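What follows is a single structure, written as structure tokens, with notes after it.
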Amino acid sequence: MANPQFAIEVPFRIKENYPDILKKYWGECISNPITLFEKAQEKALEVCADYVSFYFNIDDLSEIDECILIAQEISKKSKIPLIIKGSSNKALNGELFSKIAKYLPKDCIIAHGQDTNYTQVVKATLGHKIVLRTPIDINLTKELNILSIDEGVRAEDIIIDPDMGCVGYGLDYGFSIIERIKEAAKKGDKMLDMPIIVFVGEESYKAKEAKSADFKASWGDLKTRSLSWEISTTVSLLCAGADIAVVWNPESVVAIKKMWGDN
Numbered sequence: 000m001a002n003p004q005f006a007i008e009v010p011f012r013i014k015e016n017y018p019d020i021l022k023k024y025w026g027e028c029i030s031n032p033i034t035l036f037e038k039a040q041e042k043a044l045e046v047c048a049d050y051v052s053f054y055f056n057i058d059d060l061s062e063i064d065e066c067i068l069i070a071q072e073i074s075k076k077s078k079i080p081l082i083i084k085g086s087s088n089k090a091l092n093g094e095l096f097s098k099i100a101k102y103l104p105k106d107c108i109i110a111h112g113q114d115t116n117y118t119q120v121v122k123a124t125l126g127h128k129i130v131l132r133t134p135i136d137i138n139l140t141k142e143l144n145i146l147s148i149d150e151g152v153r154a155e156d157i158i159i160d161p162d163m164g165c166v167g168y169g170l171d172y173g174f175s176i177i178e179r180i181k182e183a184a185k186k187g188d189k190m191l192d193m194p195i196i197v198f199v200g201e202e203s204y205k206a207k208e209a210k211s212a213d214f215k216a217s218w219g220d221l222k223t224r225s226l227s228w229e230i231s232t233t234v235s236l237l238c239a240g241a242d243i244a245v246v247w248n249p250e251s252v253v254a255i256k257k258m259w260g261d262n
């Protein structure tokens, strides 16, 4: 099995629900998105991660002009390939990528195209690698791949995000769908024979166990528990067949590489 690839992800905005454990980890640089990106890139290089993922977690169109400036700056400063992830708002992502894609390097991966916005996202991002996300369903995954290819995307530029949960919160569904996609690809299904990416940090840090200190001492200290949730989720999905794991804590990459034997 080939060694997996890793990305360190940081957000454009540090919001109220961003885990305190990560606020502490990144320190004062969280007050400025460019400084945070630079620190994340420094850590990515230190732990031998393959990408820096920058998450434009914006809420409305009024923020897009600032996003354009940030996209230009991080593109200039990038020393390793980028993953640029849009917000959780599908409609907003279409507008966002239409504005910023032209400023991003061609080896950049852009996420996500989804059911209701793929036409606009595909049009904006042709020439880049594009992540297509569907909700844990092999048939929907295949359908979106076909529809996006019909819009002009090359099959080799598609990366599959099957969506997933973390340990204790639906991990088994994500694990099984990755296995099914990989099995179908091995049997010759060209519309599912693409790399698989999993945004583990996004899911792991939704879990209260990974971000809350309100547990008995027997649950362990928050830092250890937080890392364990992300590491356990990542390793499980890599074992299922995922190719790229996007994590929020660089220390997770160090631990996983040791377990994986990638030194």
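Position one of the sequence shown corresponds to residue 0 (numbering that gives the first Met the number 0), numbered consecutively onward.
Positions of the beta carbon are idealized from the N, C-alpha and C atoms, including for glycine.
The model shown is predicted, which means the values in this text are computed figures rather than measured ones.
Inclusion of lysine 89 and isoleucine 67 in the CB contact set at 7 angstroms is not warranted, their separation being larger than that value. Taking C-alpha positions only, isoleucine 20 is separated from lysine 42 by approximately 16 angstroms. Between alanine 254 and valine 197, the CB-CB gap reaches or exceeds 7 angstroms.
Residue ranges of uninterrupted beta strand (DSSP E) with 3 or more members, entirely inside the segment 169-200 and ordered along the chain, are 196-198. The beta-carbon distance between valine 246 and glutamate 37, rounded to whole angstroms, is 18 angstroms. This is too long to meet the 8 angstroms contact definition. Annotation: the continuous beta strand (DSSP E) that includes proline 10 extends over 4-10.
Following the DSSP letters along the chain, one finds alanine 216 in no beta strand (DSSP E), marked with neither H nor E. If you draw a straight line from the Cα of valine 121 to the Cα of isoleucine 109, it comes to about 10 angstroms.
Below 8 angstroms, enough C-beta pairs join the segment 73-92 and the segment 43-62 to call them touching: three or more.
Glutamine 71 and isoleucine 177 have their C-alpha atoms spaced approximately 34 angstroms apart. Looking from the CA of isoleucine 157, the closest CA among Lys207, Trp218, Leu103, Gly112 belongs to Gly112. When C-alpha distances from leucine 170 are compared across Gly187, Glu229, Tyr102, Gly260, the shortest belongs to Glu229. Cβ-Cβ separation between lysine 105 and glycine 126: approximately 6 angstroms, consistent with a contact (criterion under 8 angstroms).
In its chain, beyond the 5 residues on either side, Val121, Leu125, Ile129 have a beta carbon closer than 8 angstroms to the beta carbon of valine 152. Only residues of its own chain outside the window of five on either side were considered, and among them Phe174, Ile177, Glu178 have a CB closer than 7 angstroms to the CB of alanine 239, listed in chain order.
Counting along the chain, no alpha helix (DSSP H) covers aspartate 160; the unbroken beta strand (DSSP E) around it starts and ends at 157-160. If only uninterrupted beta strand (DSSP E) runs of at least 3 residues are considered, those enclosed by the segment 81-119 are 81-84, 108-112. When only Cα atoms are considered, methionine 258 and glutamine 119 end up about 40 angstroms apart.
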